[in-house]
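Remarks on the structure that follows.
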Amino acid sequence: MARPKLARRIGCRPAYSCFKPNGVPMSELSHHQLAADELEAIRLVDLMGLQQQPAAEQLGVSRQTLGNILASARKKIAQALVEGMALELQSAPLADKQAANNKE
5 MARPKLARRI
15 GCRPAYSCFK
25 PNGVPMSELS
35 HHQLAADELE
45 AIRLVDLMGL
55 QQQPAAEQLG
65 VSRQTLGNIL
75 ASARKKIAQA
85 LVEGMALELQ
95 SAPLADKQAA
105 NNKE
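For the sequence shown, the residue numbers in our numbering are 5 to 108.
Right, here's the structure in full:
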């Protein structure tokens, strides 16, 4: 049995709920769901330029876990861009945000 997923410290909300190719109805597209922690990892490392260790600490996970989250997110994003898929962006549930903030 897998270990339960620990609450992550998510510092952003997606501006939109999905990104998709222009002119193609969502019902006709395959899609990937980008989890809130995947989006946050991409934001911290690729957008803000943090090294993996500080980004992992900010997210509340180990450096290895952050690396796994980044690899998964980058694969989904690349596949969506190359194969013309939609990306559905998940927001962190309010309970997860409160639990992560209480652990600080």
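Where is the CB? At the ideal position from N, CA and C, for every residue including glycine.
Less than 8 Å between the beta carbons of residue i and residue j, yes or no?
i, j, result
"ALA90", "ALA84", "yes"
"LEU51", "LEU63", "no"
"CYS71", "GLN57", "Here residue 71 is Gly; the residue named in the question, Cys, does not match the sequence. Their beta carbons are not under 8 Å apart, which means GLY71 does not touch GLN57 by this criterion."
"SER66", "ALA59", "no"
Where residue i and residue j are concerned, what is the direct C-alpha to C-alpha distance, given to the nearest angstrom?
i, j, result
"LEU54", "GLU87", "29 Å"
"SER21", "SER31", "15 Å"
"PRO115", "ILE73", "For residue 115 there is no data in the structure shown, the boundaries of the chain being 5 and 108."
Report the option in the options whose CA atom is closest to the CA atom of residue i.
i, options, result
"LEU93", "MET5, ALA40, GLY64", "ALA40"
"ALA96", "VAL28, ALA19, GLN68", "ALA19"
Buried or exposed, going by whether 16 or more other CB atoms sit within 10 Å of the CB of residue i?
i, result
"ALA6", "exposed"
Q) Taking one C-beta from the stretch 39 to 46 and one from the stretch 9 to 18 each time, how about it: are there three or more such pairs within less than 8 Å? A) The stretch 39 to 46 vs the stretch 9 to 18: in contact.
Q.
Is it the case that the stretch 28 to 38 contacts the stretch 72 to 82, given that we only count it when at least three CB pairs across the two stretches are under 8 Å?
A. With three or more CB-CB distances shorter than 8 Å, the stretch 72 to 82 counts as touching the stretch 28 to 38.
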